[in-house]
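Residue numbers (our numbering): 160 to 598. The structure appears below as structure tokens.
Okay, structure coming up:
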């Protein structure tokens, strides 16, 4: 990109050479040739009165030569700043019409040159627009980190924050990028700015800003703040299904289970629920009932939701299932229904095997060892066979659990259960070609 900013004297020289006029011809009787030379080489400024005379001389000379003369005195006296604005306007208009050219202009350094030009002449308004265009392009391509870089420069170019709608718009775009980068603390920072300055000028982004802010509080486990903002949101907008769900979850986390259950139930009565939404709401409702020890209701819902999970395979619900199975095992153990509790423990461990997630296994085994000796031998046998599979998997298990389970199987009042775990290890090691562990 060839950016040329000419002084009035340099323009005069270009025009004189274009029309093939000699310095001596242009001078006339008003100025000397030496003075004209100094003007053309920027050693002396071209003042308006001298420019007027030279302009008239040039027009008359062109007329005498029969040449068309299309130049204006305004063009001749145009300042470098005005020229820079004109060049920038053309460049920016082209990018607005063809945003895909952003990549090309960045690759061939045109964008950088234009940025330097605008910075040199302190054209902050044009610089704001230029960097906003680039940010918006990368945002549309879901390249949020790149978009942030340009939006931040754009924001810095705006001086008057309180009354400039552009400041509000760019603040929103920064929120949007941070949100999709899971940088929720930054979302809240820009949300504060947006909501602080937004009353000074209306914005079409206000509803979405509330959404991002509520979701960010929710993701950061700030349930009270999310709930407060949902109340404010309701004064201006209609709550979506997603926001109602978040509200119910916040109520649950803030130890208001009755309100949470009521809201979950009302959500399940909606006719426009997608299958994924129905499963998610049911799972959270089950959690809430279990936390309130409503075992009958939780089991009833769980039996209803399990077939739905098998139908809907696009999303993994392993974490939810592990947690629910763990809850059920704990509650049945408390009620001294130990075989049922162990059944749910085995279901939880099966989910852990599928996910190969060691993070929850120790908690489940801790709980299980407190009641497993009270279970029937057949239930213990099923558990020990499953434990053998866990030992042969990549899951990390504390050796003390293995020792306790082996002792349990060895000292049982009924026939020795150790063969279950040994045969399971042998079978799995044959498949996985692993060395059989020794104790």
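For glycine and all other residues, C-beta sits at the position ideal for the given N, C-alpha and C. Predicted model only: the values in this text are computed from it and were never measured.
Straight across, the Cα-Cα distance linking residue 384 with residue 259 is about 41 angstroms. Rounded to the nearest angstrom, the gap between the Cα atoms of residue 296 and residue 288 is 12 angstroms.
Contact between the region 183 to 196 and the region 214 to 231 is established, with three or more Cβ pairs separated by less than 8 angstroms.
Runs of the alpha helix (DSSP H) lying entirely within the region 404 to 464 and spanning at least 4 residues, in chain order: 416 to 427 and 434 to 450. Between the region 371 to 383 and the region 325 to 340 there are three or more C-beta pairs closer than 8 angstroms, enough to call the two in contact. Between the region 192 to 205 and the region 277 to 284 there are fewer than three inter-stretch CB-CB distances shorter than 8 angstroms, so the stretches are not counted as touching. It is roughly 11 angstroms from the alpha-carbon of residue 498 to the alpha-carbon of residue 527. Cα atoms of residue 433 and residue 479: separation of roughly 18 angstroms, rounded to the nearest angstrom. In this structure, residue 235 places its C-beta atom within 7 angstroms of the C-beta atom of residue 170.
Residue state for residue 188 is assigned as coil, using DSSP reduced to three classes.
The beta carbon of residue 164 sits closer than 7 angstroms to the beta carbons of 239, 242 and 243 from its chain, once the five residues preceding and following it are set aside; these are given in chain order. As the crow flies, the alpha-carbon of residue 502 is around 54 angstroms from that of residue 308.
Put simply, the backbone Cα of residue 166 is about 7 angstroms away from that of residue 201.
Comparing alpha carbon positions, the residue from 323, 351, 550 and 247 closest to residue 272 is 247. Membership of residue 519 in any alpha helix (DSSP H) is not indicated, and neither H nor E is assigned to it by DSSP. Around residue 205, the same chain offers 167, 168 and 198 as residues with beta carbons nearer than 6 angstroms, after the five sequence neighbours per side are excluded.
In terms of CA proximity to residue 178, 227 leads the group 382, 227 and 212. In chain order, 389, 392 and 406 place their CB closer than 8 angstroms to the CB of residue 398, counting only its own chain and leaving out the 5 sequence neighbours on each side. Within the region 329 to 356, the alpha helix (DSSP H) runs of at least 4 residues that lie entirely inside it are, in chain order, 343 to 356. For the set 174, 326 and 301, the Cα lying nearest the Cα of residue 311 is the one of 326. Annotation for residue 235: the continuous alpha helix (DSSP H) segment containing it runs 232 to 236. Note that the C-beta distance between residue 346 and residue 364 is not below 7 angstroms.
By the beta-carbon neighbour count (other beta carbons within 10 angstroms, threshold 16), residue 355 is exposed. Here DSSP, grouped into helix, strand and coil, assigns residue 180 to coil.
The criterion of a C-beta distance shorter than 7 angstroms is not satisfied by residue 330 and residue 303. Rounded to the nearest whole angstrom, the C-alpha separation of residue 466 and residue 369 is 36 angstroms. Residue 395 sits in a helix when the DSSP states are folded into three classes. Residue state for residue 496 is assigned as coil, using DSSP reduced to three classes. In this structure, the straight-line span from the alpha carbon of residue 464 to that of residue 294 is close to 44 angstroms. Here residue 267 carries a coil assignment [DSSP, helix/strand/coil]. Taking every protein chain shown into account, the CB of residue 547 has 16 or more other CB atoms within 10 angstroms, so this residue is buried.
In the three-state reduction of the DSSP assignment, residue 323 falls in the coil class, being assigned neither a helical nor a strand state. Classified as exposed, residue 424 has fewer than 16 neighbouring CB atoms from the shown chains inside 10 Å of its CB. For residue 298, the enclosing alpha helix (DSSP H) has its first and last residue at 283 to 299.
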